[in-house]
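Sequential numbering from 4 applies to the sequence shown in the numbering used here. We put the CB at the ideal spot given by N, CA and C, even for glycine. Reading through the structure tokens given below for one structure.
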Amino acid sequence: MCRNIRMLFNFEPPATDDEIRAAALQYVRKVSGTTAPSAANRERFDRAVNEIADITRRLVRQDLIAIALPRTRETEAKRAKERGMKRDAAQRKKVLAELAGPGRPAGTVSSDRSFDPAEGKGQP
């Protein structure tokens, strides 16, 4: 339904109004279970997004006290890419193990020529 809400606190440069509003919108979409409210709920939906954006803005810009060095978007993007590559490798390993079947090492496939993926007959 919606992408991950990103961390907004302790960045250099600070989170923009657009980033804060996008996070508020994603939050309201998630808790309401809708990406596009009906006409009957549009005003309430927009009001919730605006109120949450205001609260979030105050929280990340005024209320919280940073005890660590500020993060940069470049560093966080690099970390996210590394996490994604690690996650993809783990998923690839899992799929290969499932394809190999029980008792066969991951990365190997059956030599059974009777398997026809289009027909769904035989064993892979």
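Looking at the structure shown, is Phe14 part of a helix, part of a strand, or coil, going by DSSP?
As a working mapping, residue 14 is identified with position 11 in the sequence shown. Residue state, collapsed to three classes: strand.
Span separating the alpha-carbon of Thr38 from that of Phe48:
Here residue 38 refers to the residue found at position 35 of the sequence shown. Here residue 48 refers to the residue found at position 45 of the sequence shown. So the alpha carbons of these two residues sit roughly 10 Å apart.
Between Pro17, Arg76, Arg74, Leu102, which has its C-alpha nearest Arg60's C-alpha?
Translated into positions along the sequence shown, residue 60 becomes position 57. The residue with the shortest Cα to Cα distance from Arg60 is Pro17.
Cross-strand partners of Arg74 (DSSP beta bridge)
As a working note, residue 74 is residue 71 in the sequence shown. DSSP lists Phe14 as partners of Arg74.
Mark Leu72 as exposed unless 16 or more other C-beta atoms lie within 10 angstroms of its C-beta, in which case mark it buried.
Numbered from 1 along the sequence shown, position 69 holds the residue referred to as residue 72. Leu72 sits exposed, since fewer than 16 C-beta atoms from the chains shown fall within 10 Å of its C-beta.
With DSSP collapsed to three states, give me the class of Asn130.
Because the chain in this structure spans residues 4 to 127, residue 130 falls outside the shown range and cannot be described.
Looking at the structure shown, is Gly87 part of a helix, part of a strand, or coil, going by DSSP?
Position 84 of the sequence shown, counted from the first residue, corresponds to residue 87. Under the three-state reduction of DSSP output, Gly87 falls in the helix class.
Please go through the region 19 to 50 and give each complete alpha helix (DSSP H) segment of 4 or more residues, from N-terminal end onward.
20 to 35
Look up Ile58 in the DSSP assignment and say whether it is helix, strand or coil.
By one-based count along the sequence shown, residue 58 stands at place 55. In the structure shown, Ile58 adopts helical secondary structure according to DSSP, grouped into three states.
Contact belief for Ala56 with Arg9 at Cβ below 8 Å, rounded distance in angstroms:
Stepping through the sequence shown from its first residue, residue 56 is reached at position 53. Stepping through the sequence shown from its first residue, residue 9 is reached at position 6. Not really, about 14 Å apart at Cβ, beyond 8 Å.
How about Arg86 and Phe14: are their beta carbons less than 8 Å apart?
Counting from one through the sequence shown, the residue named residue 86 turns up at place 83. Counting from one through the sequence shown, the residue named residue 14 turns up at place 11. Going by C-beta atoms, Arg86 is not nearer than 8 Å to Phe14.
If you count every other CB in all the chains shown that lies within 10 Å of the CB of Gln94, and 16 or more means buried, which is it?
Numbered from its first residue, the sequence shown carries residue 94 at position 91. Gln94 is exposed by the Cβ-count criterion.
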